[in-house]
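To start, the structure itself, in structure tokens.
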Amino acid sequence: MPNPLSPSGRKQRIDDLAATAGASGRSGGSDESGGSGGLAVDEVTVEDAGRVEESAGVSLIVSAWRRLRRNPVFLLGLTITALFVLMAVFAPLVAPHDPAAGLLLDKVRPQSNPVPGPEPGFPLGADPVGRDYLSRLIVGSRQTLVVGVCATIFGLLGGLTLGVLSGAFSGWVDSLVMRVVDVMLSIPSLLLAVSIAALAQSPSQWTLIIAIATVQVPVFARLLRGSMLAQRSTDHVLAARALGVKRSAIVFRHMLPNSLGPVIVQATLVVASSIIDAAGLSFLGLGNPDDRQPEWGQMLGQAQDHIYDNPALAVWPALCIIVVALGFTLMGESLREALDPKTRR
Amino acid sequence: MLRFILRRLLQMVGVVFVLSLLVFLWLRSLPGGTVSAILGEKATPARRAALEKALGLDQPLYVQYWEFLKRAVKGQFGSSTGVLPGVDAMQLFLQRFPATVELSAFAIIVAIALGIPLGYMAARRRASWFDNTSVVGSLIGVAVPVFFLAFMLKYFFAIKLHWLPVSGRQDPSLDATRVTGFFVLDGLLTREWDSAWDAVKHLILPALALATIPFAVIFRITRASVLEVLDEDYVRTAESKGLTSRVIRGRHVLRNALLPVVTTIGLQTGGLLVGAVLTERVFSWGGLGEAVAIGFERRDYAVLQVCILMAAITFVVINLLVDIAYAVIDPRVRTR
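Chains as they are written, first to last, in my numbering: chain A, 30 to 374; chain B, 572 to 907.
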């Protein structure tokens, strides 16, 4: 039985700490402290052991970032996403023409030439009402970003509310919320979105966003409840309860921040699926009917009438959607991998 | 085991009950309501009131819900107004059900037959060019809107190259005998080989479009799960025991790695139903997905309520079966 105060006893403690820290996904931090361990061990006190834990907690994000910085998949995703956001922000400056003006309207012949082809100044031609297609694609990034981000944020807010309710109060609140979530999950996603979009008196961009967001609510709620339940049995929550911290403070200051990791990863992926879902809804005729402000999903949905005589009309917005969705997905997947203790070895 | 199944069955009944309530409330809150859906916006108030009385819409909400439940249990959901006007919605559902099941079954078979072997191979050759390409390929597969892929497949293989038929389930000029409603099966049962082959040719493109997302998901889950199992102590033990690699792969790695894949396949049925709505629309498949797409376009709420209810119930039942199968394969689940 080693004396807990002897150097070897303390060393044992730190090894244990490092081992448990490693198990909860903090191996990056303990690797570095292990390098200087030979000298420092003798000075370690109980307080120091606490400090080691703390700095290892910071390095969860730091080490994740270090790994991500060298990950080509993540960098590719980040580049695509950054370019997309930049394009959306500066769209009106970049676009050569007004996306709402029918500049080539006189070239449209409903019988012989319904879709004007490319010509000088209009590299991608025009749409069936004579609007410059390249400009519409560039400006379309704006509404696409708005749809993707707003749907994600609304879905996140709804999911967080339900998830916190369910994770904070066990018992009947939890079972009630989870039954509702189960039912929402049992309706196939697009069917649910379409049903909600059909409830609107007149479809608009916002009904589209709300429909897509609702589909994501149960996913976020389940995810958050799961990780909050895991938090509830951890030592720091037990300690806070023992110290008499109020329940609301435990939930919002201790449990929620520690449970957000998987939710944030999911949010990155949801931006991609929201953009794709918006296209699906537009295809089914439940998208935004007002096309003065273009959106890629809407453009793709509208292109279906000309898909066999003019597939380019569908291919361009589809390519944009695929690349941007891929960007967000690559970023989300590599974030997930970086934060997942299992793949961090 | 029996208790596990009973508990899950009770949970399922609860979910279906809440679901029926949601569908009922959804029908009641549709813009314009049922009366406008039947009579149109311009009906006179007297006609509206008469129809409201006839439909029982002047009753309190809970009475209406009770009536709705009673009729739903008997399968009475009213007549279709838009998809096939005048036909009973439940009849329409039953007629179209085999078409969607046939397509989904083909799609999920394609997804499994490609996803599991490729996922396994990618995990075995981790970080090789094969692994990297297939991972990126699966990510692109998820990023492509399903109906766009369906359009492109149709454009190239049916319209440009004329390799495969453009739409529908079978060439009507074949005048094939119908037995079960599953056209491929019918052809095999009646020994009309050319009509079975024709039905298969019609299936290929829509099934490929529909299979993309389940394939990508099954591939990635298999790959991740095999990677995890390859790291397990029992695999190392098996290796150090000197077992042949074939025994290790088949009995230790693959068998354990497939457990999470089973659950994933169950969960993919929901995605198949969504994909069916989009693919069937592109290929005029004549199944439930197309009925739902047209139903939303023409506001045919009789057909929509049957389809939504039945789609959700199918999804719940399939996942119940998957959970039971899982509990049979993996005894650890039962104790939870």
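Using N, Cα and C, we set each Cβ at its ideal position, and we do this for glycine too.
As the structure is a prediction and not an experimental result, all values here were calculated from the model.
Interface with chain B (8 Å Cβ-Cβ cutoff): A/G169 is excluded. Look at A/E148 here: in three-state DSSP terms it is strand. Spatial neighbours of B/L781 in its own chain (CB-CB distance under 6 Å, excluding positions within 5 residues in sequence) are listed in chain order as A678, G846 and T850. DSSP places B/S744 in no alpha helix (DSSP H); its state is neither H nor E.
Short of 7 Å from the beta carbon of A/V352, and not among the five residues preceding or following it, lie these beta carbons of its own chain, in chain order: I109. The beta carbon of A/A354 falls within 8 Å of a beta carbon belonging to chain B, placing the residue at that interface. Contact annotation, A/P157 with A/V210: C-beta distance approximately 43 Å; criterion of less than 8 Å not satisfied. By the C-beta density criterion, A/G177 is buried, having at least 16 other C-beta atoms within 10 angstroms. Under the three-state reduction of DSSP, A/A129 is assigned to coil, being neither helix nor strand.
From the listed residues B/F854, B/V899, B/A883 and B/R578, the smallest Cα separation to B/L720 is found for B/F854. In terms of Cα proximity to B/K772, the closest of B/R667, B/P736, B/F790 and B/V750 is B/P736.
The beta-carbon of A/L163 is placed no less than 8 Å from the nearest beta-carbon of chain B.
The segment 799-810 of chain B makes no contact with the segment 753-772 of chain B; the number of CB pairs closer than 8 Å stays below 3. Shown here, B/A698 sits in coil according to DSSP, grouped into three states, outside any helix or strand.
Membership of B/L779 in the alpha helix (DSSP H) is indicated by the continuous run W764 to L801. Your pair A/Q333 and A/D320 does not check out as a contact, with CB atoms roughly 14 Å apart and the cut at 8 Å. By the C-beta criterion, the segment 826-845 of chain B is judged to be in contact with the segment 788-795 of chain B, since at least 3 inter-stretch pairs fall below 8 Å. In the displayed model, A/D156 falls within coil according to three-state DSSP, outside both helix and strand. Put simply, of A/I239, A/A222, A/S302 and A/L289 the residue whose alpha carbon is nearest the alpha carbon of A/G196 is A/L289. With a contact defined as Cβ atoms closer than 8 Å, A/L107 and A/V223 miss out at about 33 Å.
Here the alpha carbon of B/L590 sits roughly 6 Å from the alpha carbon of A/V212.
Nearest CB-CB separation between B/I679 and chain A: not below the 8 Å threshold.
Burial state of A/V118 is exposed, judged by a 10 Å Cβ sphere holding fewer than 16 other Cβ atoms. Per DSSP, B/Q876 is one residue of the alpha helix (DSSP H) stretching across Y872 to I900. Around the C-beta of A/L97, 16 or more other C-beta atoms lie within 10 Å, and the residue is accordingly described as buried.
The criterion of a C-beta distance shorter than 8 Å is not satisfied by B/D901 and B/S651. Look at A/N317 here: in three-state DSSP terms it is coil, with no helix or strand label. Annotated as proximal: A/A124 and A/V168, with beta-carbon spacing under 8 Å. Listed along chain B, the residues sitting closer than 7 Å to A/V212 by beta-carbon distance are V586, V589, L590 and L593. Under the Cβ distance rule, B/F718 counts among the residues neighbouring chain A, one pair being separated by less than 8 Å. One thing to note: A/G188 has its Cβ within 8 Å of the Cβ of A/F249.
Counting only runs of 4+ residues, the alpha helix (DSSP H) found wholly inside the segment 248-305 of chain A occupies 264-271, in chain order. With contacts defined by Cβ atoms closer than 8 Å, A/G361 and A/L298 form a contacting pair. Its Cα nearest to that of B/F867, the residue A/P232 stands out among A/I182, A/P232, A/S302 and A/L364. Put simply, of A/P286, A/P291 and A/Y162 the residue whose alpha carbon is nearest the alpha carbon of A/V144 is A/Y162. Taking the Cα positions, A/T181 is about 25 Å away from B/G708.
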